[in-house]
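S.K.: The structure is given below, and queries will be raised subsequently.
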Amino acid sequence: MFRMWGKLWKDNRLVQDTVICISDPSLSRTQKVFQSLDDICVQFDLGHPIWMDSAIRDFQRHAKARFYQDCFVESIDFDYLEIQVIEE
1089 MFRMWGKLWK DNRLVQDTVI CISDPSLSRT QKVFQSLDDI CVQFDLGHPI
1139 WMDSAIRDFQ RHAKARFYQD CFVESIDFDY LEIQVIEE
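Using my numbering, the first residue of the sequence shown is number 1089, and each one after it goes up by one.
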């Protein structure tokens, strides 16, 4: 079971969160990460963020990444979107 936690932060407060579970064993870890991020964006009604180099490095090291305004094409009304793998 793969689980990812998505959180929206504004003014150092958790505004909204969700946990996405994927149990399809045929998917690779990368596919599960992208599918989870897609599901999080759908639940939060967001456009898909762009993976900047800093987000990629943080995700590879800590299984956690933050997406700020510069990662989104449209304007956002929160400080950042944070994703974190909580179970693999």
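For each residue, glycine too, the CB sits at the ideal point set by N, CA and C.
#1: According to DSSP, R1091 sits in a beta bridge with which residue or residues?
#2: R1149 and Y1168 look like a contact to me (Cβ under 8 angstroms); what is the Cβ gap, rounded to whole Å?
#3: Could you give the first and the last residue of the continuous beta strand (DSSP E) run that contains F1155?
#4: Classify C1159 as buried or exposed, calling it buried when 16 or more other Cβ atoms lie within 10 Å of its own Cβ.
#5: Beta-carbon within less than 8 angstroms of D1105's beta-carbon, same chain only, minus the 5 sequence neighbours each way: which residues are those?
M.R.: On the basis of the coordinates in this document:
#1: Within the sequence shown, numbered from 1, the residue matching residue 1091 stands at position 3. Paired residues: C1109, E1175.
#2: Taking the sequence shown and counting its residues from 1, one reaches residue 1149 at position 61. Taking the sequence shown and counting its residues from 1, one reaches residue 1168 at position 80. With a Cβ gap of about 18 angstroms, R1149 and Y1168 do not count as contacting.
#3: If you number the sequence shown from 1, residue 1155 lands on position 67. Residue range 1152–1155 is occupied by the beta strand (DSSP E) that includes F1155.
#4: Residue numbering aside, residue 1159 sits at position 71 when the sequence shown is read from its first letter. By the 10 Å Cβ count, C1159 comes out buried.
#5: In the sequence shown, the residue the question calls residue 1105 occupies position 17. W1093, G1094, K1095, L1096.
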